[in-house]
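Here the structure comes first, spelled out in C-alpha cells, and everything after it is commentary.
Given below as C-alpha cells:
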C-alpha cells in the first residue's frame with residue numbers, strides 16, 4: 001500500500017495535486033492546516049481514501065484533533081502537533097505515541113520535514129508542499145506499507 005502523507009497546505013494545492021496525480025497513492029493522510037484543502041485534493045484525485053486531522057489554523061472546518069488508524073497490522077497515530085509543542089521538541093509526541101501503542105506517529109505544524117525512528121516508533125512530519133520553512137522546496141512523504149514492513153521517503157517538489 002502506498003500512502004501519501006501531506007499537511008500544512010494553507011490554501012495552496014496546485015503543486016501537490018499535480019504531484020499526487022503522478023504518484024497514484026492508495027490513501028492520503030493529511031496532518032492538518034487546511035482540512036478543506038484535504039477534501040479538495042481527495043476529490044481532485046478521484047475520491048482516493050482520505051484520513052485527516054484538524055490543525056491550529058482550521059478555524060472554519062471541524063474535524064478530529066487526532067486519529068488512530070490500524071492498517072495491515074500497524075497502528076498509526078495522527079495529530080497536527082501544536083498540542084505537543086513540536087516546534088521545540090518531539091518528546092511529548094513520542095510518549096503519546098508510546099502510550100497509544102503506535103507504530104507510526106504522523107504530525108505537521110512545523111512545515112519542516114522530519115523522519116526518525118525512535119525505539120521502534122516512527123515519527124514523521126511531511127513538511128509543507130506549499131509553504132516550506134528552511135528548505136526552498138515543498139515536501140510531502142510517501143509511506144509504503146507491505147506485509148507489516150514500513151518504508152518512508154521524504155519527497156521534494
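In UniProt numbering, the protein residues as written are 1 to 157.
Where a beta carbon is used, it is the ideal one built from N, C-alpha and C, also for glycine.
Member of the options whose CA lies at the smallest distance from the CA of residue i
i           : options              : result
residue 4   : 12, 25 and 10        : 25
residue 76  : 20, 93 and 22        : 93
residue 119 : 64, 39, 91 and 65    : 91
residue 79  : 88, 87, 67 and 89    : 67
residue 96  : 109, 126, 73 and 122 : 122
residue 43  : 141, 88 and 20       : 20
residue 158 : 87, 33 and 104       : Because the chain here runs from 1 to 157, residue 158 falls outside it and cannot be looked at.
residue 109 : 157, 140 and 153     : 140
residue 153 : 126, 31 and 87       : 126
Residues near residue i by beta carbon distance below 6 Å, same chain, minus five either side
i          : result
residue 27 : 3 and 49
Classification of residue i by the beta-carbon crowding that lies within 10 angstroms, buried from 16 upward
i           : result
residue 70  : exposed
residue 134 : exposed
residue 102 : buried
residue 47  : exposed
residue 111 : buried
residue 89  : exposed
residue 60  : exposed
residue 22  : exposed
residue 99  : exposed
residue 151 : exposed
Test: residue i CB closer than 8 Å to a CB of chain C
i          : result
residue 70 : You won't find chain C in this structure, because it holds only one protein chain.
7 Å CB neighbourhood of residue i in its chain, flanking five on each side removed
i          : result
residue 37 : 9, 11 and 13
residue 63 : 35, 52, 53 and 54
residue 40 : 13
Sequence-distant residues of the same chain with beta carbon closer than 8 Å to residue i, five excluded per side
i          : result
residue 72 : 1, 145, 146, 147 and 148
residue 74 : 103, 104, 145, 148 and 150
Residue i Cβ short of 7 Å to the ligand GTP heavy atom set
i          : result
residue 88 : For the ligand GTP, the structure offers nothing, since it holds no ligand at all.
### Message
Check whether the region 15 to 31 and the region 123 to 135 are in contact - that is, three or more C-beta pairs closer than 8 Å.
### Response
Yes, the region 15 to 31 touches the region 123 to 135.
#### Entry: At least 3 beta-carbon pairs within less than 8 Å: the region 75 to 83 vs the region 49 to 58
Using a Cβ-Cβ distance cut-off of 8 Å, the region 75 to 83 and the region 49 to 58 are in contact, since at least three pairs of beta carbons, one from each stretch, lie closer than that value.
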